[in-house]
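Enquirer: In this note's numbering, the protein residues as written are 15 to 613.
One structure, as structure tokens, below. Some questions next.
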């Protein structure tokens, strides 16, 4: 949107807001109360749902915290919360803002929705507006936001003053839950219903991990042969009950989760430019050093974006003069496998956009990928969908129950391949941070629309296949700044980025900031950190010293720097790099450092 249109839009917003702006009453009635939860942001973002925002310690209007939110692209950095109100009652909404364009408003009033704004506030400026609820209105959403393409704004001390509502009492604590089916990575739980409860929360080892609307749930993302304690709480509008008595369940032995028993405890994964040279030179399969435990052949690509028909061929001799014959290539693969290595076909890459929009494309994908695996005698599949291969339809808002055809068909296709080839089938994924960790802030088009539909789009695929997944190695490179679980943005270039991004996968995170919609953690043996092998290989390369700092922090909780992890994971699987060819170009520094670190 250009500047002229922005001003016109702001003027229109002002005209629409005028009917709801009235003078603040001289004194609130005795029965009135401040109904806004955590209006001073002293408890972080508790109570608020934000498309982009974090709590800062400076500047603040009062207390020790305030909200800072920065609009970006088509996102206006909205933070909102829903408040219970009385019908046919008068309320006053107020708050302090500073910075660029800042709005304060209320929607769902049942009468006239209201907002007020300021174009510029060099210092804290109070905004206020009033409204009356409709005859049947019981909930109102209050919000603050900025404006598209402008700078950050701050907000503090937001209040909604008016008649309070007796929310009643929290429910009673549930009785002891019952353990159902137990696998190496999951535990099924059930419990009797509690009168007055509208939902339930599941706590693992004392920490809330997910919510359930009914009286059963399956907790996934667990480690094999591990004992866990589970408790349930009942929730309603008045709050959360005390925890139920604990029940203990021990997961079954592994490997499970698509983890072949002969994969090393710490593995080095690399991509081999088998179908092109890419400036780094061609590396023959037989010349790949024994350091590499998983070799991903780059790439199998579709005949067209939506065909699902995947083809793979060796680099042409005109581009790669030293390319081996197909027979030599296949013999070298067998030799690697005899030495305990895994060789996979990687589908996609930067140029191989794959969109399985139909069931016909899905079935073609299965048959064509099977043909490649069978022809070359491969161990499995790596999914490296990038660009516009995966995106979410506007009505697809629950990563646990996806509806978008390209997502559903991909999941179905991979499950079919897994079933065909059995337990030793190796499945890996190499998504970009935009499709995974960005889901902490944004998921699809968002509640109010306008977001990039690709945001977080890998999450439903990872979640649906987590029990089949051998390795997830997110590309911690060619990435913009990503918010971590500390609600701070982290950028490429040092150990901190790898630590923060990996901690999110091993801890789990609420999707789009929704504490009731948590992406469960993956097992540490399923996680490898993706890094460029050399500065030539991609943006975000770090020296070996920074690589080792990241490994120290995640596996030993030493050398952690400013980011505090939520655990220590000595079973972290290892490292992935783009690429084996570039590592050879760089004198094998990346693989030699890995060998030196893990012995």
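A virtual CB, placed ideally from N, CA and C, is assigned to each residue, including glycine.
Values in this document were obtained by computation on a predicted structure and should not be read as measured data.
Per DSSP, which one or two residues make a beta bridge with residue 542?
Expert: By 1-based counting over the chain shown, the position of residue 542 is 528. Looking at the DSSP assignment, residue 542 forms a beta bridge with 588.
Enquirer: Which runs of the beta strand (DSSP E) at least 3 residues long sit entirely within the segment 44-107? Give them in chain order.
Expert: Taking only runs of at least 3 residues, the beta strand (DSSP E) segments lying wholly in the segment 44-107 are 46-48, 68-70, 80-83 and 93-98.
Enquirer: Cα separation between residue 605 and residue 560?
Expert: Position 591 of the chain shown, counted from the first residue, corresponds to residue 605. Position 546 of the chain shown, counted from the first residue, corresponds to residue 560. Going from the Cα of residue 605 to the Cα of residue 560 covers about 15 Å.
Enquirer: Indicate whether the contact test is met: 3 or more Cβ pairs, each with one atom in the segment 369-380 and one in the segment 335-344, closer than 8 Å.
Expert: No contact exists between the segment 369-380 and the segment 335-344.
Enquirer: Exposed or buried, residue 41, counting other C-beta atoms within 10 Å across all chains shown (16 or more means buried)?
Expert: Here residue 41 refers to the residue found at position 27 of the chain shown. With a pLDDT of only 38 at residue 41, under the threshold of 50, the placement of this residue in the model should not be trusted; the figure read from the coordinates follows. So residue 41 ends up on the exposed side.
Enquirer: Could you name the residues that DSSP lists as bridge partners for residue 240?
Expert: Taking the chain shown and counting its residues from 1, the one referred to as residue 240 is at position 226. Paired residues: none, contrary to the question.
Enquirer: If we cut at 8 Å on Cβ distances, does residue 282 have a partner in chain B?
Expert: Note that chain B does not occur in the displayed structure, where there is just one protein chain.
Enquirer: Count the other CB atoms within 10 Å of the CB of residue 134; is the residue buried (16 or more) or exposed (fewer)?
Expert: Along the chain shown, read from residue 1 onward, the residue named residue 134 stands at position 120. Result: exposed.
Enquirer: Exposed or buried, residue 315, counting other C-beta atoms within 10 Å across all chains shown (16 or more means buried)?
Expert: Translated into positions along the chain shown, residue 315 becomes position 301. Burial call: buried.
Enquirer: By the three-class DSSP mapping on this structure, what secondary structure does residue 566 have?
Expert: As a position in the chain shown, residue 566 is number 552, starting the count at 1. Reduced to three states, the DSSP call for residue 566 is helix.
Enquirer: Taking contact to mean at least 3 C-beta pairs separated by less than 8 Å, is the segment 556-573 in contact with the segment 511-527?
Expert: Contact between the segment 556-573 and the segment 511-527 is present, because at least three Cβ pairs lie under 8 Å.
Enquirer: CA-CA distance, residue 394 and residue 439?
Expert: For the purposes of this step, residue 394 is identified with residue 380 of the chain shown, where counting begins at 1. For the purposes of this step, residue 439 is identified with residue 425 of the chain shown, where counting begins at 1. Answer to the nearest angstrom: the Cα atoms are 5 Å apart.
Enquirer: Identify whether residue 250 lies in helix, strand or coil by the three-state DSSP scheme.
Expert: The residue given as residue 250 occupies position 236 in the chain shown. Strand.
Enquirer: I need the boundaries of the beta strand (DSSP E) containing residue 363, first residue and last residue.
Expert: Position 349 of the chain shown, counting from 1, holds the residue named residue 363. Start and end: 356-363.
Enquirer: I'd like the list of long-range same chain contacts for residue 77, defined as Cβ closer than 7 Å, with 5 residues on each side in sequence excluded.
Expert: For this step, residue 77 is matched to residue 63 along the chain shown. Taken in chain order, the residues that qualify are 54 and 56.
Enquirer: Taking the C-alpha atoms as reference points, what is the distance between residue 585 and residue 141?
Expert: As a first step, residue 585 is located in the chain shown; it is residue number 571 there, counting from the start. As a first step, residue 141 is located in the chain shown; it is residue number 127 there, counting from the start. Distance between the alpha carbons of residue 585 and residue 141: 52 Å.
Enquirer: Residue 382 lies in the alpha helix (DSSP H); which residues open and close that run?
Expert: Residue numbering aside, residue 382 sits at position 368 when the chain shown is read from its first letter. From DSSP, the alpha helix (DSSP H) with residue 382 extends over 373-390.
Enquirer: Report the residue from 347, 326, 137 and 213 whose alpha carbon sits nearest the alpha carbon of residue 386.
Expert: Translated into the one-based positions of the chain shown, residue 386 becomes position 372. Taking only the C-alpha atoms, the option nearest residue 386 is 326.
Enquirer: Can you check which of these residues, 131, 116, 103 and 111, is closest to residue 125 by C-alpha distance?
Expert: The residue given as residue 125 occupies position 111 in the chain shown. It is 103.
Enquirer: So the beta strand (DSSP E) residue 402 belongs to, where does it begin and stop?
Expert: For the purposes of this step, residue 402 is taken as the residue at position 388 of the chain shown. Taken as a continuous stretch (DSSP letters only), residue 402 belongs to no beta strand (DSSP E), as it is neither H nor E.
Enquirer: Mind the definition here: the segment 428-442 touches the segment 544-555 only if three or more C-beta pairs lie below 8 Å; say whether that holds.
Expert: The segment 428-442, when compared against the segment 544-555, does not touch it at the 8 Å Cβ threshold.
Enquirer: Counting pairs of beta carbons, one from the segment 211-229 and one from the segment 148-166, are three or more of them closer than 8 Å?
Expert: The segment 211-229 vs the segment 148-166: no contact.
Enquirer: Less than 7 Å between C-beta atoms, sequence neighbours within five positions excluded: which residues of the same chain meet that for residue 344?
Expert: Indexing the chain shown from 1 puts residue 344 at position 330. 390 and 391, listed in sequence order.
Enquirer: Rounded to whole angstroms, what's the CA-CA distance from residue 588 to residue 101? Just pull it up for me.
Expert: Counting from one through the chain shown, the residue named residue 588 turns up at place 574. Counting from one through the chain shown, the residue named residue 101 turns up at place 87. When rounded, the distance between both Cα atoms is 58 Å.
Enquirer: Are three or more beta carbon pairs between the segment 91-98 and the segment 59-68 nearer than 8 Å?
Expert: Flag = yes, the segment 91-98 and the segment 59-68 touch.
Enquirer: Please state whether the Cβ-Cβ distance between residue 244 and residue 263 is less than 8 Å.
Expert: By 1-based counting over the chain shown, the position of residue 244 is 230. By 1-based counting over the chain shown, the position of residue 263 is 249. Their beta carbons are under 8 Å apart, which means residue 244 touches residue 263 by this criterion.
Enquirer: Mind checking whether residue 447 and residue 475 have CB atoms under 8 Å apart?
Expert: In the chain shown, the residue the question calls residue 447 occupies position 433. In the chain shown, the residue the question calls residue 475 occupies position 461. No, the pair does not count as a contact, with Cβ atoms beyond the cut-off.
Enquirer: Are residue 373 and residue 415 closer than 8 Å when you measure CB to CB?
Expert: Here residue 373 refers to the residue found at position 359 of the chain shown. Here residue 415 refers to the residue found at position 401 of the chain shown. No, Cβ-Cβ distance for residue 373 and residue 415 is not below 8 Å.
Enquirer: Please state whether the Cβ-Cβ distance between residue 187 and residue 241 is less than 8 Å.
Expert: Locating residue 187 in the chain shown gives position 173, where the first residue counts as 1. Locating residue 241 in the chain shown gives position 227, where the first residue counts as 1. Against a cut-off of 8 Å, the Cβ pair of residue 241 and residue 187 comes out as no contact.
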